[in-house]
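These notes are about the structure you will find just below.
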Amino acid sequence: MRFNAYDDLFSIRKLEEESLQSLINRVESSKRKIKELRPSSFTLEQLDDELASMALIRALPDEFSGFTSSLLLMDKLDKTTVHQAFVTEDLQRRKRTQDASGSSQALAACSGSQFATKTCDFCGREGHKFAECKTFERAKSRAQEDAQKPRTPYKRANKAQEESGSSSSTQTPEKAQRVTEFAGNASTPHPSPSPSPSTPLQLDADFHWLADTGATSHMTPHRHWFKSYTSHKIPIRLADNSIVYSSGVESVVFEPVVNGKVVRAVELTRVLHVPALRSNLLSCLYLARNKGFNITISSHSIDFKCKGTSLFTATIHPNNSAELDGSTLTSETAFSVSTLPVDLSLWHRRFIHHNYADVKSMISKDLVSGLKLESNSCPDSICEPCLAGKMHSHPFPSSLNHNRSPLELVHSDLHGPLPVASHSGYKYWITFIDDATRFRAVYLLKAKSEAFEAFKVYKSWAETQLGVKLRALQDDKGETSLNSEPASAEWSC
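In C-alpha coordinates:
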(Lines of atoms letter the chains of each structure in order from A and count residues from 1; the text may use other names and numbers.)
(Lines give C-alpha, C1' and ligand atoms only; values in the text may rest on other atoms or scores of the structure.)
Protein backbone atom coordinates (compact mmCIF):
# COMPACT_ATOMS: atom_id res chain seq x y z
CA MET A 1 0.00 0.00 0.00
CA ARG A 2 2.83 2.39 0.82
CA PHE A 3 4.43 1.87 -2.63
CA ASN A 4 1.06 2.61 -4.27
CA ALA A 5 0.96 5.83 -2.26
CA TYR A 6 4.50 6.65 -3.48
CA ASP A 7 3.33 6.00 -7.04
CA ASP A 8 0.35 8.32 -6.57
CA LEU A 9 2.65 11.04 -5.19
CA PHE A 10 5.15 10.81 -8.05
CA SER A 11 2.33 10.69 -10.63
CA ILE A 12 0.84 14.04 -9.61
CA ARG A 13 0.85 16.53 -12.49
CA LYS A 14 -0.60 20.03 -12.72
CA LEU A 15 -4.01 19.98 -14.37
CA GLU A 16 -5.16 22.54 -16.89
CA GLU A 17 -6.47 25.72 -15.26
CA GLU A 18 -5.46 24.35 -11.83
CA SER A 19 -4.01 26.84 -9.40
CA LEU A 20 -0.62 26.26 -7.84
CA GLN A 21 -2.18 26.30 -4.37
CA SER A 22 -4.47 23.44 -5.40
CA LEU A 23 -1.43 21.53 -6.65
CA ILE A 24 0.30 22.09 -3.29
CA ASN A 25 -2.77 20.80 -1.44
CA ARG A 26 -2.88 17.61 -3.50
CA VAL A 27 0.83 16.95 -2.85
CA GLU A 28 0.43 17.57 0.89
CA SER A 29 -2.57 15.23 1.01
CA SER A 30 -0.60 12.48 -0.72
CA LYS A 31 2.33 13.03 1.66
CA ARG A 32 0.05 12.69 4.71
CA LYS A 33 -1.30 9.45 3.31
CA ILE A 34 2.24 8.05 3.04
CA LYS A 35 3.04 9.06 6.62
CA GLU A 36 -0.09 7.31 7.89
CA LEU A 37 0.99 4.07 6.21
CA ARG A 38 4.43 4.08 7.85
CA PRO A 39 4.99 1.93 10.96
CA SER A 40 6.18 3.54 14.18
CA SER A 41 9.63 1.93 13.85
CA PHE A 42 10.22 3.40 10.37
CA THR A 43 13.83 4.65 9.86
CA LEU A 44 15.63 6.89 7.38
CA GLU A 45 17.49 3.87 6.00
CA GLN A 46 14.16 2.21 5.17
CA LEU A 47 13.03 5.45 3.51
CA ASP A 48 16.18 5.49 1.34
CA ASP A 49 15.59 1.85 0.32
CA GLU A 50 11.95 2.52 -0.55
CA LEU A 51 12.80 5.62 -2.61
CA ALA A 52 15.50 3.66 -4.49
CA SER A 53 13.03 0.82 -5.14
CA MET A 54 10.39 3.27 -6.34
CA ALA A 55 12.93 4.91 -8.67
CA LEU A 56 13.67 1.49 -10.20
CA ILE A 57 9.98 0.73 -10.70
CA ARG A 58 9.17 4.11 -12.26
CA ALA A 59 12.22 3.88 -14.55
CA LEU A 60 10.68 0.95 -16.42
CA PRO A 61 9.15 1.71 -19.85
CA ASP A 62 5.53 0.97 -20.86
CA GLU A 63 6.38 -2.54 -22.07
CA PHE A 64 6.97 -3.50 -18.41
CA SER A 65 3.51 -2.29 -17.31
CA GLY A 66 2.33 -5.79 -16.41
CA PHE A 67 5.48 -6.45 -14.39
CA THR A 68 5.11 -3.08 -12.62
CA SER A 69 1.47 -3.74 -11.73
CA SER A 70 2.28 -7.16 -10.28
CA LEU A 71 5.02 -5.60 -8.11
CA LEU A 72 2.72 -2.89 -6.73
CA LEU A 73 0.06 -5.51 -5.89
CA MET A 74 2.41 -7.50 -3.65
CA ASP A 75 1.61 -7.51 0.08
CA LYS A 76 5.27 -7.20 1.12
CA LEU A 77 7.55 -5.10 -1.04
CA ASP A 78 11.07 -4.05 -0.05
CA LYS A 79 14.43 -3.37 -1.69
CA THR A 80 15.54 -7.03 -1.69
CA THR A 81 12.24 -8.21 -3.20
CA VAL A 82 12.43 -5.56 -5.95
CA HIS A 83 16.02 -6.51 -6.84
CA GLN A 84 15.18 -10.24 -6.97
CA ALA A 85 12.10 -9.54 -9.08
CA PHE A 86 14.15 -7.44 -11.52
CA VAL A 87 16.79 -10.17 -11.94
CA THR A 88 14.12 -12.88 -12.40
CA GLU A 89 12.19 -10.78 -14.93
CA ASP A 90 15.40 -10.10 -16.87
CA LEU A 91 16.23 -13.82 -17.07
CA GLN A 92 12.69 -14.71 -18.13
CA ARG A 93 12.72 -12.10 -20.89
CA ARG A 94 16.04 -13.39 -22.21
CA LYS A 95 14.68 -16.94 -22.24
CA ARG A 96 11.51 -15.89 -24.06
CA THR A 97 13.60 -14.01 -26.63
CA GLN A 98 15.71 -17.12 -27.30
CA ASP A 99 12.63 -19.36 -27.60
CA ALA A 100 11.00 -16.93 -30.01
CA SER A 101 14.19 -16.71 -32.09
CA GLY A 102 14.48 -20.51 -32.27
CA SER A 103 10.83 -20.90 -33.28
CA SER A 104 11.16 -18.31 -36.06
CA GLN A 105 14.28 -20.03 -37.41
CA ALA A 106 12.57 -23.42 -37.38
CA LEU A 107 9.53 -21.98 -39.17
CA ALA A 108 11.74 -20.34 -41.79
CA ALA A 109 13.62 -23.60 -42.38
CA CYS A 110 10.36 -25.56 -42.70
CA SER A 111 8.76 -23.11 -45.14
CA GLY A 112 11.88 -22.77 -47.26
CA SER A 113 12.70 -26.48 -47.54
CA GLN A 114 10.13 -26.96 -50.32
CA PHE A 115 12.03 -24.63 -52.63
CA ALA A 116 15.64 -25.22 -51.47
CA THR A 117 18.17 -26.85 -53.72
CA LYS A 118 19.90 -30.08 -52.75
CA THR A 119 22.23 -29.64 -49.76
CA CYS A 120 25.04 -31.90 -48.56
CA ASP A 121 24.40 -33.44 -45.13
CA PHE A 122 28.15 -33.56 -44.37
CA CYS A 123 29.63 -30.17 -45.29
CA GLY A 124 26.34 -28.20 -45.42
CA ARG A 125 27.01 -26.71 -48.85
CA GLU A 126 24.35 -26.47 -51.55
CA GLY A 127 24.63 -27.89 -55.05
CA HIS A 128 25.49 -31.51 -54.24
CA LYS A 129 24.40 -34.38 -52.03
CA PHE A 130 26.27 -36.44 -49.46
CA ALA A 131 27.20 -39.16 -51.99
CA GLU A 132 28.84 -36.52 -54.22
CA CYS A 133 30.71 -34.66 -51.43
CA LYS A 134 34.44 -34.27 -52.11
CA THR A 135 35.04 -32.92 -48.59
CA PHE A 136 33.77 -36.21 -47.16
CA GLU A 137 36.08 -38.19 -49.44
CA ARG A 138 39.12 -36.17 -48.30
CA ALA A 139 38.15 -36.50 -44.63
CA LYS A 140 37.66 -40.23 -45.08
CA SER A 141 41.12 -40.60 -46.63
CA ARG A 142 42.76 -38.66 -43.79
CA ALA A 143 40.93 -40.76 -41.21
CA GLN A 144 42.16 -43.97 -42.83
CA GLU A 145 45.74 -42.67 -42.84
CA ASP A 146 45.50 -41.67 -39.17
CA ALA A 147 44.11 -45.08 -38.27
CA GLN A 148 47.21 -46.80 -39.69
CA LYS A 149 49.56 -44.73 -37.49
CA PRO A 150 50.47 -46.18 -34.03
CA ARG A 151 48.93 -44.33 -31.10
CA THR A 152 49.19 -44.59 -27.33
CA PRO A 153 45.99 -45.07 -25.25
CA TYR A 154 46.61 -41.69 -23.61
CA LYS A 155 46.52 -39.81 -26.92
CA ARG A 156 43.39 -41.61 -28.05
CA ALA A 157 41.66 -40.80 -24.78
CA ASN A 158 42.78 -37.19 -24.97
CA LYS A 159 41.52 -36.87 -28.55
CA ALA A 160 38.17 -38.37 -27.63
CA GLN A 161 37.90 -35.97 -24.73
CA GLU A 162 38.66 -32.97 -26.97
CA GLU A 163 36.11 -34.10 -29.59
CA SER A 164 33.46 -34.57 -26.89
CA GLY A 165 34.17 -31.12 -25.48
CA SER A 166 34.08 -29.42 -28.87
CA SER A 167 30.69 -30.95 -29.72
CA SER A 168 29.08 -29.42 -26.63
CA SER A 169 31.04 -26.16 -26.58
CA THR A 170 29.17 -23.00 -25.72
CA GLN A 171 31.56 -21.03 -27.92
CA THR A 172 33.17 -22.19 -31.17
CA PRO A 173 36.77 -20.95 -31.68
CA GLU A 174 38.23 -20.38 -35.09
CA LYS A 175 40.94 -22.96 -34.40
CA ALA A 176 40.69 -25.92 -32.03
CA GLN A 177 42.56 -25.43 -28.74
CA ARG A 178 43.61 -28.07 -26.27
CA VAL A 179 41.67 -27.77 -23.02
CA THR A 180 44.07 -27.28 -20.10
CA GLU A 181 41.74 -25.73 -17.51
CA PHE A 182 38.86 -27.41 -15.68
CA ALA A 183 36.29 -25.60 -13.55
CA GLY A 184 35.39 -28.53 -11.31
CA ASN A 185 32.05 -29.84 -10.11
CA ALA A 186 30.95 -26.56 -8.50
CA SER A 187 30.96 -24.62 -11.79
CA THR A 188 27.65 -23.35 -13.12
CA PRO A 189 27.34 -21.97 -16.67
CA HIS A 190 25.28 -18.93 -17.59
CA PRO A 191 21.70 -19.98 -18.54
CA SER A 192 21.51 -17.42 -21.34
CA PRO A 193 24.12 -16.31 -23.90
CA SER A 194 27.39 -15.41 -22.20
CA PRO A 195 27.55 -11.77 -21.08
CA SER A 196 30.05 -9.33 -22.48
CA PRO A 197 33.56 -9.62 -20.94
CA SER A 198 33.59 -5.83 -20.49
CA THR A 199 30.56 -5.95 -18.16
CA PRO A 200 32.07 -5.21 -14.70
CA LEU A 201 29.22 -6.52 -12.51
CA GLN A 202 27.24 -9.74 -12.99
CA LEU A 203 24.12 -9.27 -10.84
CA ASP A 204 22.86 -12.85 -11.28
CA ALA A 205 26.24 -14.35 -10.32
CA ASP A 206 27.22 -15.45 -6.83
CA PHE A 207 29.42 -13.17 -4.72
CA HIS A 208 30.85 -15.89 -2.43
CA TRP A 209 33.97 -17.95 -3.13
CA LEU A 210 33.47 -21.74 -3.31
CA ALA A 211 36.39 -23.98 -2.37
CA ASP A 212 36.63 -26.47 -5.26
CA THR A 213 39.00 -29.45 -5.31
CA GLY A 214 38.37 -30.07 -9.02
CA ALA A 215 39.19 -26.62 -10.38
CA THR A 216 42.66 -26.14 -11.82
CA SER A 217 42.70 -22.34 -11.32
CA HIS A 218 40.84 -19.64 -9.43
CA MET A 219 37.93 -18.32 -11.53
CA THR A 220 35.35 -15.53 -11.20
CA PRO A 221 32.82 -13.82 -13.50
CA HIS A 222 33.21 -10.43 -11.77
CA ARG A 223 35.40 -8.01 -13.73
CA HIS A 224 35.33 -5.26 -11.05
CA TRP A 225 37.14 -7.45 -8.51
CA PHE A 226 40.49 -7.32 -10.34
CA LYS A 227 43.23 -4.91 -9.20
CA SER A 228 44.57 -4.84 -12.77
CA TYR A 229 43.62 -6.71 -15.91
CA THR A 230 45.44 -8.62 -18.66
CA SER A 231 43.64 -10.19 -21.63
CA HIS A 232 43.96 -13.98 -21.55
CA LYS A 233 41.68 -16.29 -23.60
CA ILE A 234 41.86 -20.05 -22.97
CA PRO A 235 39.23 -22.84 -23.12
CA ILE A 236 37.79 -24.12 -19.82
CA ARG A 237 35.74 -27.30 -19.40
CA LEU A 238 32.78 -26.99 -17.00
CA ALA A 239 31.09 -29.65 -14.88
CA ASP A 240 28.46 -30.31 -17.59
CA ASN A 241 31.28 -31.02 -20.09
CA SER A 242 30.67 -27.75 -21.96
CA ILE A 243 33.48 -25.40 -22.98
CA VAL A 244 33.65 -21.71 -22.09
CA TYR A 245 36.47 -19.22 -22.52
CA SER A 246 38.26 -16.87 -20.16
CA SER A 247 38.66 -13.19 -21.01
CA GLY A 248 41.49 -12.12 -18.72
CA VAL A 249 43.70 -12.97 -15.77
CA GLU A 250 45.10 -11.03 -12.80
CA SER A 251 44.97 -10.80 -8.99
CA VAL A 252 41.98 -10.43 -6.64
CA VAL A 253 42.17 -9.30 -2.99
CA PHE A 254 40.13 -11.29 -0.44
CA GLU A 255 39.51 -10.06 3.12
CA PRO A 256 39.07 -13.12 5.41
CA VAL A 257 37.04 -13.33 8.59
CA VAL A 258 38.45 -15.80 11.15
CA ASN A 259 36.60 -16.44 14.42
CA GLY A 260 34.37 -13.43 13.79
CA LYS A 261 37.27 -10.97 13.28
CA VAL A 262 38.57 -9.44 10.07
CA VAL A 263 42.20 -10.48 9.56
CA ARG A 264 44.91 -9.46 7.12
CA ALA A 265 43.81 -9.47 3.47
CA VAL A 266 45.03 -12.20 1.09
CA GLU A 267 45.89 -11.60 -2.57
CA LEU A 268 44.71 -14.44 -4.84
CA THR A 269 47.06 -14.59 -7.83
CA ARG A 270 46.33 -15.88 -11.34
CA VAL A 271 42.56 -15.57 -11.12
CA LEU A 272 40.83 -16.20 -14.46
CA HIS A 273 38.02 -13.88 -15.51
CA VAL A 274 35.31 -16.17 -16.96
CA PRO A 275 32.15 -14.12 -17.75
CA ALA A 276 30.10 -17.26 -18.52
CA LEU A 277 30.44 -18.62 -14.96
CA ARG A 278 27.85 -17.94 -12.27
CA SER A 279 30.02 -18.92 -9.30
CA ASN A 280 33.46 -17.97 -7.95
CA LEU A 281 35.81 -20.94 -7.67
CA LEU A 282 38.86 -21.15 -5.41
CA SER A 283 41.20 -23.90 -6.62
CA CYS A 284 42.37 -25.99 -3.67
CA LEU A 285 44.71 -27.96 -5.95
CA TYR A 286 46.38 -24.77 -7.20
CA LEU A 287 47.00 -23.55 -3.64
CA ALA A 288 48.39 -26.92 -2.52
CA ARG A 289 50.60 -27.59 -5.58
CA ASN A 290 51.84 -24.12 -6.47
CA LYS A 291 51.59 -22.06 -3.26
CA GLY A 292 52.53 -24.65 -0.62
CA PHE A 293 49.21 -24.51 1.26
CA ASN A 294 48.29 -27.16 3.80
CA ILE A 295 44.51 -27.63 3.55
CA THR A 296 42.72 -29.37 6.43
CA ILE A 297 39.10 -30.48 5.95
CA SER A 298 36.92 -31.22 9.00
CA SER A 299 33.22 -32.00 9.27
CA HIS A 300 32.12 -28.36 9.29
CA SER A 301 35.00 -26.25 7.98
CA ILE A 302 38.15 -26.09 5.86
CA ASP A 303 41.34 -24.47 7.16
CA PHE A 304 43.85 -23.00 4.69
CA LYS A 305 47.35 -22.75 6.20
CA CYS A 306 50.57 -21.48 4.64
CA LYS A 307 53.89 -21.94 6.46
CA GLY A 308 52.00 -22.94 9.60
CA THR A 309 49.81 -19.80 9.68
CA SER A 310 46.05 -20.02 9.12
CA LEU A 311 45.25 -17.40 6.47
CA PHE A 312 41.53 -18.03 5.92
CA THR A 313 38.79 -20.62 6.43
CA ALA A 314 35.71 -21.94 4.65
CA THR A 315 32.40 -23.10 6.12
CA ILE A 316 30.92 -26.38 4.85
CA HIS A 317 27.13 -26.21 4.33
CA PRO A 318 24.62 -29.12 4.37
CA ASN A 319 24.58 -29.18 0.53
CA ASN A 320 28.33 -30.07 0.64
CA SER A 321 29.41 -26.68 -0.67
CA ALA A 322 32.22 -24.82 1.10
CA GLU A 323 32.07 -21.00 1.10
CA LEU A 324 35.06 -18.90 2.12
CA ASP A 325 34.52 -16.82 5.26
CA GLY A 326 35.02 -13.18 4.33
CA SER A 327 34.43 -10.84 1.42
CA THR A 328 36.21 -9.74 -1.74
CA LEU A 329 37.59 -6.22 -1.99
CA THR A 330 36.80 -4.34 -5.18
CA SER A 331 39.53 -2.75 -7.27
CA GLU A 332 39.00 0.63 -5.50
CA THR A 333 39.33 -0.70 -1.96
CA ALA A 334 42.02 -3.22 -2.84
CA PHE A 335 44.57 -0.45 -3.45
CA SER A 336 44.10 0.81 0.11
CA VAL A 337 45.05 -2.53 1.70
CA SER A 338 48.39 -2.31 3.52
CA THR A 339 51.10 -4.63 2.25
CA LEU A 340 53.68 -3.52 4.84
CA PRO A 341 55.02 -6.13 7.25
CA VAL A 342 53.38 -5.92 10.67
CA ASP A 343 56.53 -5.34 12.70
CA LEU A 344 57.62 -3.15 15.60
CA SER A 345 58.41 -0.23 13.30
CA LEU A 346 54.88 -0.25 11.83
CA TRP A 347 53.27 -0.24 15.29
CA HIS A 348 55.64 2.58 16.33
CA ARG A 349 54.29 4.71 13.47
CA ARG A 350 50.67 3.70 14.09
CA PHE A 351 50.97 4.78 17.75
CA ILE A 352 52.00 8.29 16.63
CA HIS A 353 55.74 7.51 17.03
CA HIS A 354 55.45 6.35 20.63
CA ASN A 355 58.78 5.12 22.04
CA TYR A 356 59.78 1.54 21.20
CA ALA A 357 60.15 0.47 24.84
CA ASP A 358 56.51 1.19 25.66
CA VAL A 359 55.33 -0.46 22.42
CA LYS A 360 57.29 -3.61 23.32
CA SER A 361 55.81 -3.51 26.82
CA MET A 362 52.26 -3.31 25.43
CA ILE A 363 52.93 -6.35 23.24
CA SER A 364 54.66 -8.47 25.90
CA LYS A 365 52.07 -7.72 28.60
CA ASP A 366 49.12 -8.07 26.16
CA LEU A 367 47.79 -4.65 27.18
CA VAL A 368 46.14 -3.98 23.79
CA SER A 369 43.84 -6.48 22.08
CA GLY A 370 44.83 -7.28 18.49
CA LEU A 371 48.37 -5.94 18.91
CA LYS A 372 50.45 -8.70 17.32
CA LEU A 373 53.72 -8.94 15.43
CA GLU A 374 54.07 -10.85 12.18
CA SER A 375 57.74 -9.96 11.71
CA ASN A 376 60.60 -9.80 14.22
CA SER A 377 62.78 -7.52 12.10
CA CYS A 378 64.70 -4.88 14.05
CA PRO A 379 63.42 -1.31 13.58
CA ASP A 380 65.60 1.35 12.03
CA SER A 381 67.50 3.29 14.67
CA ILE A 382 66.87 6.56 12.79
CA CYS A 383 63.26 7.77 12.60
CA GLU A 384 63.07 11.07 10.74
CA PRO A 385 59.64 12.19 12.13
CA CYS A 386 60.88 11.53 15.69
CA LEU A 387 64.05 13.55 15.09
CA ALA A 388 62.08 16.40 13.54
CA GLY A 389 59.66 16.45 16.47
CA LYS A 390 62.48 16.75 19.03
CA MET A 391 64.25 19.63 17.29
CA HIS A 392 64.04 23.07 18.92
CA SER A 393 63.14 26.11 16.84
CA HIS A 394 65.02 29.38 17.27
CA PRO A 395 63.11 32.11 19.18
CA PHE A 396 61.86 35.13 17.32
CA PRO A 397 64.42 37.94 17.62
CA SER A 398 63.31 40.85 19.79
CA SER A 399 63.15 44.29 18.25
CA LEU A 400 66.19 46.50 18.92
CA ASN A 401 64.44 49.79 18.15
CA HIS A 402 61.93 51.22 20.65
CA ASN A 403 60.25 54.62 20.76
CA ARG A 404 61.43 56.83 23.61
CA SER A 405 58.30 58.95 24.11
CA PRO A 406 54.96 57.59 25.32
CA LEU A 407 52.13 57.26 22.80
CA GLU A 408 54.44 57.62 19.80
CA LEU A 409 53.49 54.04 18.91
CA VAL A 410 50.88 51.78 20.52
CA HIS A 411 50.58 48.09 19.68
CA SER A 412 47.11 46.52 19.63
CA ASP A 413 45.75 43.00 19.20
CA LEU A 414 42.18 41.68 19.12
CA HIS A 415 41.51 38.16 20.52
CA GLY A 416 38.50 35.85 20.41
CA PRO A 417 35.91 34.57 20.21
CA LEU A 418 36.11 32.40 23.31
CA PRO A 419 34.38 29.00 23.10
CA VAL A 420 32.27 29.95 26.15
CA ALA A 421 31.12 33.48 26.98
CA SER A 422 31.83 34.94 30.41
CA HIS A 423 29.13 35.45 33.04
CA SER A 424 28.62 38.99 31.73
CA GLY A 425 28.55 37.88 28.11
CA TYR A 426 32.09 38.85 27.05
CA LYS A 427 33.66 36.73 24.25
CA TYR A 428 36.45 39.04 22.93
CA TRP A 429 39.20 41.21 24.40
CA ILE A 430 41.53 43.83 22.95
CA THR A 431 44.97 44.88 24.23
CA PHE A 432 46.85 48.18 23.87
CA ILE A 433 50.62 48.19 24.68
CA ASP A 434 52.68 51.39 24.62
CA ASP A 435 55.94 50.78 22.75
CA ALA A 436 58.03 53.11 24.97
CA THR A 437 56.78 52.29 28.47
CA ARG A 438 55.38 48.76 27.77
CA PHE A 439 52.27 49.81 29.69
CA ARG A 440 49.36 47.49 28.97
CA ALA A 441 45.62 48.12 28.86
CA VAL A 442 42.98 45.40 28.31
CA TYR A 443 39.29 45.93 27.41
CA LEU A 444 36.65 43.18 27.39
CA LEU A 445 34.22 43.08 24.44
CA LYS A 446 30.90 41.33 23.85
CA ALA A 447 31.21 41.61 20.07
CA LYS A 448 34.03 42.18 17.61
CA SER A 449 32.37 45.35 16.38
CA GLU A 450 33.02 47.01 19.79
CA ALA A 451 36.79 47.16 19.13
CA PHE A 452 36.71 50.68 17.69
CA GLU A 453 34.73 52.02 20.67
CA ALA A 454 37.29 50.44 23.01
CA PHE A 455 40.08 52.15 21.08
CA LYS A 456 38.41 55.55 21.42
CA VAL A 457 38.05 55.02 25.19
CA TYR A 458 41.73 54.04 25.49
CA LYS A 459 42.87 56.97 23.34
CA SER A 460 40.90 59.48 25.39
CA TRP A 461 42.15 58.05 28.68
CA ALA A 462 45.84 57.82 27.63
CA GLU A 463 45.99 61.32 26.13
CA THR A 464 44.33 62.78 29.25
CA GLN A 465 46.75 60.99 31.59
CA LEU A 466 49.96 61.85 29.70
CA GLY A 467 49.03 65.15 28.08
CA VAL A 468 50.32 64.09 24.65
CA LYS A 469 48.61 62.93 21.50
CA LEU A 470 48.68 59.33 20.29
CA ARG A 471 50.75 59.36 17.10
CA ALA A 472 50.42 55.88 15.61
CA LEU A 473 48.62 52.58 16.25
CA GLN A 474 49.91 49.21 15.05
CA ASP A 475 47.96 45.94 15.10
CA ASP A 476 48.87 42.50 13.77
CA LYS A 477 47.83 43.60 10.27
CA GLY A 478 50.29 46.49 10.05
CA GLU A 479 50.73 50.11 11.14
CA THR A 480 47.96 52.70 10.95
CA SER A 481 49.02 56.35 11.26
CA LEU A 482 46.69 58.71 13.05
CA ASN A 483 47.77 61.64 10.86
CA SER A 484 46.38 60.04 7.69
CA GLU A 485 43.05 58.35 6.99
CA PRO A 486 43.52 54.57 7.26
CA ALA A 487 42.26 52.07 4.72
CA SER A 488 39.91 50.52 7.29
CA ALA A 489 37.39 52.65 9.18
CA GLU A 490 37.70 50.34 12.16
CA TRP A 491 41.06 51.79 13.13
CA SER A 492 40.55 55.40 11.95
CA CYS A 493 40.61 58.14 14.58
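Take the sequence shown: its position 152, counting from 1, is numbered 241 in my numbering, and each next residue is one higher. Positions of the beta carbon are idealized from the N, C-alpha and C atoms, including for glycine.
One alpha carbon belongs to GLU215, the other to LYS229, and they sit about 20 Å apart.
Here DSSP, grouped into helix, strand and coil, assigns TYR445 to helix. For SER390, the secondary structure class from DSSP, reduced to helix, strand or coil, is strand.
DSSP places MET308 inside the beta strand (DSSP E), whose first and last residues are 307 to 309. Between HIS504 and TYR517, the C-beta gap is smaller than 8 Å, which places the two residues in contact. Check the Cα spacing between VAL351 and each of LYS122, GLY337, SER399: the tightest is with SER399. If you draw a 10 Å sphere on the C-beta of PHE92, you find 16 or more other C-beta atoms in it, and that means buried.
Three or more Cβ pairs closer than 8 Å define a contact, and the segment 350 to 369 meets that threshold against the segment 310 to 320. With 16 or more other Cβ atoms inside 10 Å of its own Cβ, THR417 counts as buried.
Judged by DSSP in its simplified three-state form, LYS350 adopts strand. Here DSSP, grouped into helix, strand and coil, assigns PHE153 to helix.
A contact is defined here as three or more CB-CB pairs under 8 Å, and the segment 390 to 397 fails this definition with respect to the segment 317 to 324.
Given a length threshold of 3 residues, each whole run of the beta strand (DSSP E) inside the segment 537 to 565 is given here in chain order: 561 to 564. Looking at HIS442, VAL509, PRO484, GLU107, the one whose alpha-carbon comes closest to that of LEU476 is HIS442.
LEU462 and LEU433 do touch by the CB rule: their CB atoms are close to 7 Å apart, below 8 Å.
Spatial neighbours of SER372 in its own chain (CB-CB distance under 7 Å, excluding positions within 5 residues in sequence) are listed in chain order as ASP301, ALA304, THR305, SER306, HIS307.
If you draw a straight line from the Cα of TYR334 to the Cα of PRO150, it comes to about 35 Å. Assigned with DSSP and collapsed to three states, ALA477 falls in helix. Contact check for LEU160 against ALA141 fails: the beta carbons are separated by 8 Å or more. As DSSP reads the structure, CYS209 sits in no beta bridge. Pairing ILE519 with ALA536 gives a Cβ-Cβ distance that is not under 8 Å. At a Cβ-Cβ threshold of 8 Å, ALA525 and ASN490 do not count as neighbours. Measuring C-alpha to C-alpha distances from GLY556 to each of ARG529, SER511, ASP502, GLU497 identifies GLU497 as the nearest. Per DSSP, the continuous alpha helix (DSSP H) segment holding LEU112 begins and ends at 109 to 126.
Between HIS437 and ASP329, the alpha-carbon positions lie close to 55 Å from each other.
Excluding its 5 nearest sequence neighbours in each direction, ALA411 has C-beta neighbours in its own chain below 6 Å: ALA300, ILE391, ALA403, ILE405, listed in chain order. Within the DSSP secondary-structure output, SER100 pairs in no beta bridge. In the structure shown, SER142 falls within a helical segment according to DSSP collapsed to helix, strand and coil.
By the neighbour-count definition (other C-beta atoms within 10 Å, threshold 16), GLU139 is a buried residue. The continuous stretches of beta strand (DSSP E) do not include HIS512, and DSSP gives it neither H nor E. Non-local C-beta neighbours of LEU376 in its own chain, meaning closer than 6 Å and more than five positions away in sequence, comprise PHE382, ordered along the chain. LYS122 is not a Cβ neighbour of LEU112, given a cutoff of 8 Å. Check the Cα spacing between ARG147 and each of VAL171, HIS297, ILE332: the tightest is with VAL171. In this structure, DSSP gives ASN369 an extended state, which the three-state scheme calls strand.
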